[in-house]
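Read the structure below first, then the notes.
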Amino acid sequence: MNITKTLDKGEARRQRWRARSRYWKDSFILWRRNRLMVVGTGIIVFLLLVAAFAPLLATHDPYEQILSDRLQPPSRQHYFGTDSLGRDIYSRVVFGSRVTLTIAFLVAAISTPLGLVIGVLAGYFGKALDEILMRLSDVFLAFPKLILAIAFAAALGPGVENAIVAIAIANWPSYARLARAETLTVRSNDYIQVIRSMGASNLRIMVGHITPMCMSSIIVRLSLDMGTIILTAAGLGFLGLGAQPPVPEWGLMVSDGRQFLVDQWWVSTLPGIAILIVVMGFNLMGDGIRDILDPHQRQS
Amino acid sequence: MARYILRRLVTLIITLLGIMVVTFFISLVVPMDPLASIAGPQAPQETVERLRVLYGFDQPIYVQFGRYMNRLLHGDLGTSFQTGRPVLEDILQYFPATIELATLALIVSIIVGIPLGVLSAVYRNSPIDHFSRVLSLIGVSMPVFWLGLVLLLIFYFKLGWFPEPGRLDIMLMEPQRVTGLLIIDSIFAFDWEVFWDALKHMALPATVLGLYGLAGIARIVRSSMLDVLSQEYIKTARIKGLNEFLVLTRHALRNALVPAVTVIGLTYGGLLEGSVLTETIFAWPGLGRYLATAFLTLDLNAVVGGTMLVALTFSLANLTVDLIYALLNPKITLAEP
Amino acid sequence: MMKKLIFGAAVMLVLFGLGFILEADAAERKDVLVIGMATSDIISLDTAKAFEFSGVGIDAQIYDRLLDFPAGQFDKPELSLAESYEVSPDGKTWTFHLRQGVKFHSGNPLTADDVVYSFQRVVILKDQPSFILTQFGITPDSVKAVDKYTVQVTLDKKYAGGIFFACLAAGVSSIVDSQVVKQHVQKTDKYPDGDMGLTWLARNSAGSGPFILRQWEKGDRVILDANPNHFKYPPKVKRVVIKEIVEATSRRLQVEKGDIDIAWEMFPDQIKELKNNKDLRIESSPATMICYVGMNVTKGPLKDNRVRTAIRHGIDYNGIINNIMGGAARPINTFIPEGFAGYENTVYYREDLEKARQLLADAGYADGFEISMDHGDQTPFPEIGQALQNSLARIGIKVKLNKLISAQLWPKYRAQQHELILARWGPDYVDPHTNAQPFADYKAKQLCWRNAYYNDETSQLIEDAGQEMDNDKRIGLYQKANKIIQTEGPYALLYQPMYEHAVRSNIGNVYAAPTFDLWKLYPITKE
């Protein structure tokens, strides 16, 4: 252990800032080197833009039914053709990006903090609390995630909100486990002892010091999971448990088009391709983030 | 070690009990009538009331709960409302089909995944690497239900290379049941027609499911090959003038496969997930489809039975993998759950 | 090691390729008729219990009844196991003389005891379809074997002959082989004194019909073997396999490839494309089902008949019929479907937005209102639901759709907790009474009651009809009730669908029927 020099606050702050910016600079270099990661990020940015500018990009009202125009093939009026109720598929796919993003981010927003809090608490306080929380998460982890999500969605009833809750419930245990593992590692660090002896409260330690240390592995995990979350949501939509008509959710659209697959392939296929592209984007980005944050890589 | 296993088993038992209790209470909360699967929309009101009494649904909750737990703890999983048969019978009937499919899918994943991973590692950061990474990722990024439909359309309908969805041709009878796995049973019965037919029927769904597990295996093989290839003894082997192919396979791959084993185990568990949607598309009479239908129709006895089996399989698979990993890598402490 | 792997893979590939050469014997398929259907609704094949469309349909091939509908005849049954009959002067006692020399699949001869046992089981077990017999006041003691070939049935009142016969020709009235069934009686926890064969008959058969049940794999297939010794209708094919194919797309793919011979119940969009296929033809028949919107008259705005009539005028019937149903449906304004005596095509309401808006304004809802509609998850209900949502939005009614699975939909309906519901009704037996009673008589505790429409006038009309011996008068009573129901009742009838099936051109004598249980498979030929 080094003898800590007494730095004045300003100097300390400058040093921290320099270290951080070097971190970011290295990250950026690694990011650029990894071409697939760039592609992945590009896809996600594209998705965000589409979702943001959906009303401008869409050509029709995604809910408008023109029954006499149903099942038209792709054409100049309808880029992706129409579905079984005469709705323009292109516009529905465009607006569907909003649904997809909403689901993905809400699931992340619920399950990550939940998992983080539980994991940190378990790791920090240990003993009985740890046992209980970890047993609880083990019970959840005893199931494949999709099945757990289906179970909760079936119990809660169909609908986007319920689907989000169901998927979030299926996801939090992995984050809890990660957070707990990191907490255990960090908890025994000397500087934590130092801070505690200086009078910092448990809360301060957990929030200010331990949680940030968990973030990188959680972010990696989350970015790798995003693709799966979207696929699960699409799977629920396909089974009829997720978004309900007339919401333009991509999985639901694939399911609706199932009976027309042979002759009106566009109804199922095009939303399916949208799912594919977006999930690929997240997976590539996740892979890349993992490579960047992985200390082995950084050394090279 | 023994303590670790014991702890995991205890968790498993708690999980199974938890499933039973939770499902029962869900059945109370969810606004559905278990009778509705027995008495459809056309049945007159009196019949419905009478059946309600006959099945004991008019009893107070604690009586129903008591009966329910009593029944379950005696191993009676109840009768499925969809099939009208005991759930246990259903499960024994459908589980082997899923195992068969998952195993073949795993073989597909391995056969394609390992070479992909190796290629990726050897030609790192080149177009080949990118190509194979994208290829393996596609399997994981595609909605399984969509892929199944598309493959059916192309390979069954347009090209006719593979037969219709289902497990066996309609004209063929299943051979004498020994294991429930058609491939094995038909060999025992020397029934080659059934053997080939079953294999042909499995081809498409196994491919779809296999693509699902591909990415994980390819990725792990890639990263562990990268690790291994940078080791000293590889350089030594090369300097010694060994054939590159031999270097890669006999030396590098063999060692790289060690961590891959654990991923393979996990993939098997993950295939259970994928089977839910795949079996639905391919009309495969397996546990996945049974479970999906049970959830969608809120057939609670089937839900309990099927979910318990899935939890059991999944947990055992994970436990096995963890143990193998710990055995291979004694540095890992088993203190972590 | 790598070399071994590659070698192994090569061997597998070669063997795999060989497998393609070994095809299933084509000659065998010639005598087997393969039908693709969605039969997952079957819960039991016991005729005293079976009440689902598919279960009843399969039973119709395996069992005979006193009266029955021969292939292609859908309005009146002919005498089948009964050779002749008489009725007592007070109209309460019916005597049937059985055909002699009829044998069950087991070889046992048909006697009056079998008929008595069959009816007694239905009444004692009191399962879903039992009301079809018990509604006439039949009890275990009121069925008697007078001698070896004569059966007497005593009812509690006199009833219209048409109704009684239609019920005797229904699946629940099938005659089972009592000796075989008695051998398989079990004691179960629900029936501690013996279940009269309920458990065994769920998956086995003891009948005398044109086909014998060989195997029923739930969710997979049903195999029926021909009974060449049938007294009247030995089948033309040796075996029928009914293959479970839930996906309509899959049925379509398989019938086009010839993997199945008949694809039952195709949807309009697929029919359109199949019309171009030279190897297939489309057979259709009007299904005697009615698709309707039920309105719970206790809920808010629905209390007012003006609102209900406004809804009836606000729906885009043609849009639904032409576009969603692809023209394979007809509008209908009577609860008696086409194909039954008493059907009339009087129009009581058509799409008329002006009138609808006026009526709403009169009722005080000029600005519209919000309401929920429940519907099932099977095609085409979700689509129709959305189309209805769209339709009613035009007159200011905002519909919130609830897609429910059967296990939630029907209980909610029975508990009268719905507001609007999209549903379908099919006949239980072949007589207009089977629809009139549920739609118009609330005391029967069926559809009318579920929608809380307690109208004593229509109820009385239906009760009177049930006893009316003069058929023409009876029909008149139904039509009178219909007028009231259509103008003041709780329904908006949407359409009567057509069943359309895809049949390969080498299959003949299909005689597509309005329901599966009227569809007799014995005359079908396969070249």
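Residue numbers (the numbering used here), protein chains in the order written: chain A, 2 to 301; chain B, 52 to 388; chain C, 84 to 610.
From the three backbone atoms N, C-alpha and C, an ideal C-beta is built for every residue, glycine too.
In this text, all values refer to a predicted model and were calculated from it rather than measured experimentally.
For the candidate residues B/367, B/147, B/130 and B/94, whose alpha-carbon lies nearest to that of residue 529 of chain C?
With distances taken between Cα atoms, residue 529 of chain C lies closest to B/94.
Let's test the definition: count the other Cβ atoms within 10 Å of the Cβ of residue 161 of chain A and tell me whether it reaches 16, buried, or not, exposed.
That one is buried.
Contact with chain A by residue 460 of chain C, beta-carbon distance below 7 Å
In terms of beta-carbon proximity, residue 460 of chain C lines the interface with chain A, with at least one pair separated by less than 7 Å.
Taking the alpha-carbon positions, what's the residue 212 of chain C to residue 256 of chain C distance?
So the alpha carbons of these two residues sit roughly 10 Å apart.
Are the beta-carbon atoms belonging to residue 188 of chain C and residue 343 of chain C less than 7 Å from one another?
In this structure, residue 188 of chain C lies away from residue 343 of chain C, with their beta-carbon atoms at least 7 Å apart.
Does the segment 244 to 261 of chain B come close enough to the segment 217 to 231 of chain B to have 3 or more Cβ pairs within less than 8 Å?
Yes, the segment 244 to 261 of chain B touches the segment 217 to 231 of chain B.
Could you name the residues of the same chain whose beta carbon sits closer than 7 Å to that of residue 265 of chain B, not counting the 5 residues immediately before and after it, in chain order?
Within the same chain, and ignoring the five residues on either side of residue 265 of chain B in sequence, the residues whose Cβ sits closer than 7 Å to its Cβ are 160, 163, 164, 187 and 190.
Using a C-beta to C-beta distance shorter than 8 Å, which residues of chain B count as neighbours of residue 145 of chain A?
One finds 320, 321, 323, 324, 361 and 365 in chain B with Cβ atoms closer than 8 Å to the Cβ of residue 145 of chain A, taken in chain order.
Residue interval of the beta strand (DSSP E) (run including residue 484 of chain C):
Taken as a continuous stretch (DSSP letters only), the beta strand (DSSP E) holding residue 484 of chain C covers 480 to 486.
Have a look at C/391, C/308, C/147 and C/171 and flag the residue whose alpha-carbon is nearest the alpha-carbon of residue 575 of chain C.
Minimum Cα distance to residue 575 of chain C is reached at C/391.
Is the shortest distance between the beta-carbon of residue 62 of chain A and the beta-carbons of chain C less than 7 Å?
Chain C contact via Cβ: absent.
Less than 7 Å between the C-beta atoms of residue 403 of chain C and residue 476 of chain C, yes or no?
A distance of 7 Å or more separates the beta carbons of residue 403 of chain C and residue 476 of chain C.
Give me the Cα-Cα distance between residue 275 of chain A and residue 281 of chain B, rounded to the nearest whole angstrom.
Cα to Cα, residue 275 of chain A sits roughly 39 Å from residue 281 of chain B.
Looking at C-alpha atoms only, which residue of A/176, A/39 and A/237 is the closest neighbour of residue 122 of chain A?
Distances from the alpha-carbon of residue 122 of chain A to those of A/176, A/39 and A/237 put A/176 closest.
Going by Cα to Cα distance, which pick from C/484, C/426 and C/233 is closest to residue 198 of chain C?
Out of C/484, C/426 and C/233, the CA that lies nearest to the CA of residue 198 of chain C is found in C/233.
So the candidates are C/602, C/274, C/272 and C/281; which of them puts its Cα closest to the Cα of residue 265 of chain C?
From the listed residues C/602, C/274, C/272 and C/281, the smallest Cα separation to residue 265 of chain C is found for C/281.
Residues of chain A with CB closer than 9 Å to the CB of residue 352 of chain C, please, in chain order.
Taking a Cβ-Cβ cut-off of 9 Å, the neighbours of residue 352 of chain C in chain A comprise 71, 72, 85, 260, 261, 264 and 265, given in sequence order.
DSSP three-state label for residue 233 of chain C, please.
In the structure shown, residue 233 of chain C sits in a strand (DSSP, three-state: E or B).
In whole angstroms, what is the alpha-carbon distance linking residue 104 of chain C and residue 223 of chain B?
In this predicted model, residue 104 of chain C has a pLDDT of only 46, less than 50, meaning its place in the structure is not dependable enough to derive any value.
Going along chain A in order, which residues have a C-beta closer than 7 Å to the C-beta of residue 181 of chain B?
At a C-beta separation below 7 Å, residue 181 of chain B has these neighbours in chain A: 36 and 37.
At a Cβ cut of 9 Å, what residues of the segment 324 to 340 of chain C count as close to chain A, listed as they run along the chain?
For chain A, the residues of the segment 324 to 340 of chain C that bring a beta carbon within less than 9 Å of one of its beta carbons are 330, 331, 332, 335, 336 and 339, in chain order.
Taking the alpha-carbon positions, what's the residue 283 of chain B to residue 155 of chain B distance?
Rounded to the nearest angstrom, the two C-alpha atoms are 37 Å apart.
Expressed to the nearest angstrom, what Euclidean distance is found between the alpha-carbon atoms of residue 100 of chain B and residue 317 of chain B?
Cα to Cα, the separation comes out at about 48 Å.
Beta-carbon spacing of residue 311 of chain B, residue 272 of chain B below 7 Å
Result yes, Cβ atoms of residue 311 of chain B and residue 272 of chain B sit closer than 7 Å.
Identify the residues that DSSP records as bridge partners of residue 579 of chain C: which are they?
Bridge pairing for residue 579 of chain C: C/413 [DSSP].
Is residue 167 of chain C helix, strand or coil by DSSP?
Taken through DSSP and simplified to helix, strand or coil, residue 167 of chain C comes out as strand.
Under 7 Å by beta carbon: chain B residues contacting residue 380 of chain C
Listed along the chain, the chain B residues whose CB falls inside 7 Å of the CB of residue 380 of chain C amount to none; the nearest CB is some 18 Å away.
Please confirm whether residue 356 of chain C has its beta-carbon closer than 7 Å to some beta-carbon of chain A.
So, interface residue.
Would a check of beta-carbon distances place residue 215 of chain B closer than 7 Å to chain C?
Judged by the 7 Å Cβ criterion, residue 215 of chain B is in contact with chain C.
Are there 16 or more other CB atoms within 10 angstroms of the CB of residue 113 of chain B, so buried, or fewer, so exposed?
Under a 10 Å Cβ-count criterion, residue 113 of chain B is classified as exposed, with fewer than 16 other Cβ atoms of the shown protein chains found around its own Cβ.
Just to confirm, is the Cβ distance from residue 468 of chain C to residue 484 of chain C under 7 Å?
Closer than 7 Å, so yes.
Collapsed DSSP secondary structure at residue 230 of chain B in the structure displayed
Three-state result, residue 230 of chain B: coil.
Who are the neighbours of residue 465 of chain C on chain A, taking C-beta pairs under 7 Å?
In chain order: 246.
Roughly how many angstroms lie between the CA atoms of residue 107 of chain C and residue 246 of chain B, to the nearest whole one?
Low confidence applies here, because residue 107 of chain C scores a pLDDT of 43, under 50, leaving its location unreliable; read the following figure in that light. The straight-line gap separating the alpha-carbon atoms of residue 107 of chain C and residue 246 of chain B is approximately 12 Å.
Please compile the residues from chain B whose C-beta is within a distance smaller than 7 Å of the C-beta of residue 136 of chain A.
Those within 7 Å of residue 136 of chain A in chain B are 62 and 65.
Measure the C-alpha to C-alpha separation of residue 561 of chain C and residue 203 of chain C and round it to an integer number of angstroms.
Across the structure, residue 561 of chain C and residue 203 of chain C are spaced so that their CA atoms are roughly 31 Å apart.
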